């Protein structure tokens, strides 16, 4: 994990491996800040959708000792939302570096769409 000190606190940049391990162990709340269309087509199982367009830090789920980790398609939107959460006084906060694109590049499991039926399908 890489650490970035901001004016409002520490932002952690997690790798897909770190996110997968923590998600599997129930240690994080994973927030997908992509659009509903992006999420509906494919998403990480267990991730909650909070689109960037409707993002409000005060509407994040309670952490209950869990770290909030944001992700998007490539890492830019999630990093921006993580910084906004820090500015709102929430901590600890992290985002997944490389986003969902890096998650898929590393062949990690996700829920996709079977384009023959339109049904959700575990990938890869």
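Numbering (the numbering used here), first residue to last: 331 to 454.
Idealized CB from N, CA, C, for every residue including glycine.
The structure presented is a predicted model; accordingly, all values stated were derived computationally and were not measured.
DSSP three-state label for residue i, please.
| i | result |
| --- | --- |
| residue 498 | Past the edges of the chain, shown from 331 to 454, lies residue 498, and the structure says nothing about it. |
| residue 414 | helix |
| residue 420 | coil |
| residue 351 | helix |
| residue 382 | helix |
| residue 431 | helix |
In the DSSP assignment, find the beta strand (DSSP E) that holds residue i and state where it starts and stops.
| i | result |
| --- | --- |
| residue 362 | 358-362 |
Taking 7 Å as the threshold (C-beta atoms), are residue j and residue i in contact?
| i | j | result |
| --- | --- | --- |
| residue 442 | residue 372 | yes |
| residue 396 | residue 358 | yes |
Count the other C-beta atoms from every protein chain shown that fall within 10 angstroms of the C-beta of residue i, then say buried if there are 16 or more, exposed otherwise.
| i | result |
| --- | --- |
| residue 426 | buried |
| residue 360 | buried |
Compute the Euclidean distance between the alpha carbons of residue i and residue j, then round it to the nearest angstrom.
| i | j | result |
| --- | --- | --- |
| residue 370 | residue 434 | 16 Å |
| residue 419 | residue 392 | 13 Å |
| residue 390 | residue 368 | 20 Å |
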